[in-house]
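For the sequence shown, our numbering begins at 8 and goes up steadily by one. For every residue, glycine included, the Cβ atom is placed at its ideal position computed from N, Cα and C. All values derive from a computational prediction rather than experimental measurement.
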Amino acid sequence: GDQEKFDRLRYVELKHGRIAMLAFAGYVTAEGGARLPGNIDFAGTPFTDIPNGFAALGAIPAAGLTQIIAFIGFLEVAIMKDIVGGEFPG
């Protein structure tokens, strides 16, 4: 392979590694019992009623999942762009 492809793969590996570390920290925090105060929706569902892990996907309202996916898409497109030139992202 060429250097440009190697640099791209290194950048993507760092990005995914950081996201995985954030996901792990969030899971451990929620598993430890830390929850946001208040309700997750206007229907009055408290954050404490949302289970951990993949089970949360079925408990979060559809509008909430849509907001999460839209926010992740925004981060990918606008904030977490590939750095062209400049210093190494690590």
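Exposed unless 16 or more other CB atoms sit within 10 angstroms - verdict on residue i
| i | result |
| --- | --- |
| I47 | buried |
Segment limits, alpha helix (DSSP H) that includes residue i
| i | result |
| --- | --- |
| E38 | 10-38 |
| G80 | 69-81 |
| G65 | 62-66 |
Cβ pair residue i, residue j closer than 7 Å
| i | j | result |
| --- | --- | --- |
| A66 | P58 | yes |
Anticipated Cβ contact below 8 Å, residue i with residue j, distance rounded
| i | j | result |
| --- | --- | --- |
| Y34 | G60 | 7 Å |
| K22 | M87 | 7 Å |
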